[in-house]
Amino acid sequence: MIQAILFDLEGTLINVDMTEFMRNYLGILAPRFAHLLPPDKFSKQLLRSLETAQSDPKPGQTNIQTFYDDFSKATGHSLLTLRPIFEEFYESDFPALQCLVQAIPQGVKVVENAIQQGFLTAVASNLLLPLSAMREHVRWTGLTADHFTVIPAVDNFHFFKPQLGFFREVAEILGVKPDSCLLVSGQTRDIICRELGMKMFFVGSIGLEEQTDYAGNLDDLFRLISQGNL
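The numbering of the sequence shown is our numbering, which starts it at 2 and goes up by one.
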């Protein structure tokens with residue numbers, strides 16, 4: 002029995018060109034650190050440290066702790082120096098990136114319907130951002146952070162999507178078992194969640210129906226939820 006629905010954002014609730022998004026993200030973030038590192042060097046190390054945090058999670062450490070450990074060591078700058086600059090960026094500059102994102106109208110309808118039908122809801126995004134930025138990112142969908150019981154972020158999670166630990170952690174915080182969860186995503190790499198018994202609604206149709214539990218568009222998902230067919 003499905004008790005919780007996890008929603009990917011990119012390609013599911015919003016349309017965004019992630020290559021363009023990351024280029025603009027780094028383009029306005031790196032200059033804030035120009036007094037410490039050349040922008041090009043900063044951007045390359047940021048991506049390397051994020052990759053390290055993603056590929057080598059540390060037991061008991063949040064993702065952002067692992068990131069800062071690697072980034073601080075590589076750049077020679079302390080957490081006390083780096084963190085306030087990042088925090089100011091996310092508060093002041095990050096919201097400007099909304100212009101690169103287009104909300105998918107059916108997304109609001111589907112999430113609100115899921116809540117009305119009694120399902121717990123959670124975000125399952127690929128973006129590697131702190132919670133303050135993830136709450137802002139959720140707002141770009143036309144929803145608010147209050148629509149979701151769980152919003153994974155680098156400062157409150159210990160694994161990255163699509164690692165199995167990520168899906169386990171979402172389910173644990175929701176207070177349900179993985180096999181009581183449905184992931185809504187259009188990314189093939191997320192199919193791995195089914196190894197935990199988690200169900201998946203694949204947004205789209207590219208011949209993967211046999212590898213997922215459901216497939217279609219958000220209108221199809223809306224009908225499944227409304228008719229009690231999950």
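Glycine residues also receive a C-beta, built at the ideal position from the N, C-alpha and C atoms. From a predicted model like this one, the values you see are computed outputs, not experimental measurements.
Pick helix, strand or coil for Met2, following the three-state DSSP scheme. Annotated three-state conformation of Met2 is coil, per DSSP.
Can you give the Cα-Cα distance for Glu196 and Tyr215, rounded to whole angstroms? 16 Å
Taking the C-alpha atoms as reference points, what is the distance between Gly12 and Ser186? 8 Å
Along the beta strand (DSSP E) that carries Ala104, what are the first and last residues, could you check? 102 to 104
Endpoints, the beta strand (DSSP E) within which Gly217 is located: 215 to 217
Tell me the rounded alpha-carbon separation between Asn9 and Phe168. A small fix is needed here, since residue 9 is Asp in this sequence, not Asn. Answer to the nearest angstrom: the Cα atoms are 12 Å apart.
Have a look at Leu80 and Gly217 and give me their C-alpha separation to the nearest angstrom. 45 Å
Spatial neighbours of Gly229 in its chain, beta-carbon cut-off 8 Å, leaving aside the 5 residues before and after: Gln118, listed in sequence order.
Could you tell me the distance, in whole angstroms, from the CA atom of Asp94 to the CA atom of Glu211? 43 Å
Buried or exposed: which applies to Phe48, given that a residue is buried once 16 or more other Cβ atoms fall within 10 Å of its Cβ? As written in the sequence, residue 48 is Leu, which differs from the Phe given in the question. Here Leu48 is exposed. Its C-beta has fewer than 16 other C-beta atoms within 10 Å.
So Ile116 and Met135 are supposed to be a Cβ contact under 8 Å. How far apart are they, rounded? Actually they are not in contact, since the Cβ atoms of Ile116 and Met135 sit about 19 Å apart, beyond 8 Å.
Using a threshold of 8 Å, state whether the C-beta atoms of Pro32 and Gly166 are closer than that. no
On a CA-only basis, which of Gly77, Gly205, Asp191 is nearest Met199? Give me that one, please. Asp191
For Ala5 and Ile177, the rounded distance between their alpha carbons: The displayed chain sequence assigns Val, not Ile, to residue 177. Cα-Cα distance, rounded: 8 Å.
Measuring only the C-alpha atoms, how far is Gly143 from Asp41? One C-alpha to the other measures close to 34 Å.
Any idea if Met19 is buried or exposed, counting beta-carbon neighbours within 10 angstroms, 16 or more meaning buried? exposed
Uninterrupted beta strand (DSSP E) stretches inside the region 141 to 204 (no shorter than 3 residues): 182 to 186, 200 to 204
Taking Thr13 as part of the beta strand (DSSP E), name the residues at either end of that continuous run. Unbroken run through Thr13: none, as it is neither H nor E.
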